[in-house]
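What follows is a set of notes on a single structure, which appears directly below.
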């Protein structure tokens, strides 16, 4: 049985995260010329298209459909069918780059599997804007999306990152910022440097910098307004044997097997994979401290 290779192109278009002037000329042109636009939020998309369409001629056959977490599997089939027909399909998030903490990655994988061409039109990113504005090291960083809502799961995740050398970037809801900062201060130490970026690219953009303890105190009782991105400095201390054991135990407790738990720590600790694997096996057989 032969499989028809998709001849259309999927355009992954970065859109503004608060300031319309941040949309690139190329991104605007792609949105005007697209045959089909898959939008995480159609209301936001239509507001953006009013701005875009004022800049030049628009494809009269263009169609906008919803594409959000919950309908991505069904919509992916529709997008692939359009790509197989040779159409120009654009995918956009409510704000920022599709595929970063949103269902855009599902559409991208579906297009790749179908053999379609995928083009990325770079645009604004809250994660990078917050990182750069934080003043923390940018030579090595890791994006971790939204921490778990459930306090126990959140603390377990942060525990596995205690020895992380890279600067860490999280998205967080305003009403959970205080609790997350408190948990981070407990996991990483009160003096670990951090920055909270809020309302990025908007009129009231702000980067609040300080230690985790200072930020946790500032937002303990009053939630910040607007969308928030938390940036936390990486560890500056080489992990000792106790730290490695504690982190391996946390990874095993989170559901990872010894092999995967060991793989997580190879880069951060510099220890041989086989040594970490044997330690993980030993810890798995030995109950932790009560």
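Numbering (this note's numbering), first residue to last: 1 to 290.
The beta carbon of each residue, even a glycine, is placed where N, CA and C say it ideally should be.
By a beta-carbon distance limit of 8 Å, residue 82 does not contact residue 91. Their separation comes to about 11 Å. Following the DSSP letters along the chain, one finds residue 143 inside the beta strand (DSSP E) bounded by residues 141 to 143. For secondary structure counted as the beta strand (DSSP E) over 3 or more consecutive residues, the segment 2 to 70 holds these complete runs in sequence order: 9 to 13, 36 to 39, 63 to 66.
Comparing C-alpha distances from residue 176 to each of 148, 128, 141 shows the shortest one belongs to 148. In the three-state DSSP reduction, residue 134 falls in the helix class (H, G or I). The C-beta separation of residue 283 from residue 245 comes to about 6 Å, placing the pair in contact by the 8 Å criterion. Looking at the backbone, the Cα of residue 57 and that of residue 124 are separated by about 24 Å. For residue 160, the enclosing alpha helix (DSSP H) covers residues 151 to 160.
With contact defined as three or more Cβ pairs closer than 8 Å, the segment 153 to 166 and the segment 198 to 208 are not in contact.
In the structure shown, the three-state DSSP call for residue 96 is strand. Within its own chain, the residues whose Cβ lies closer than 8 Å to the Cβ of residue 164, once the five positions on either side in sequence are excluded, are 142, 234, 235, 268, listed in chain order. One thing to note: residue 30 has its Cβ no nearer than 8 Å to the Cβ of residue 62. CA-to-CA, the gap between residue 112 and residue 189 works out to about 43 Å. Counting along the chain, residue 194 sits inside no alpha helix (DSSP H); it lies in the beta strand (DSSP E) bounded by residues 193 to 198.
Distance between residue 195 and residue 5, taken at the CA atoms: about 46 Å. Taking 8 Å as the cut-off, the Cβ atoms of residue 223 and residue 174 count as close. Assignment of residue 167 by DSSP, reduced to helix, strand and coil, places it in the strand class. Judged by DSSP secondary structure, residue 230 falls within the beta strand (DSSP E) whose first and last residues are 228 to 232. The alpha-carbon of residue 281 is positioned some 10 Å away from that of residue 261.
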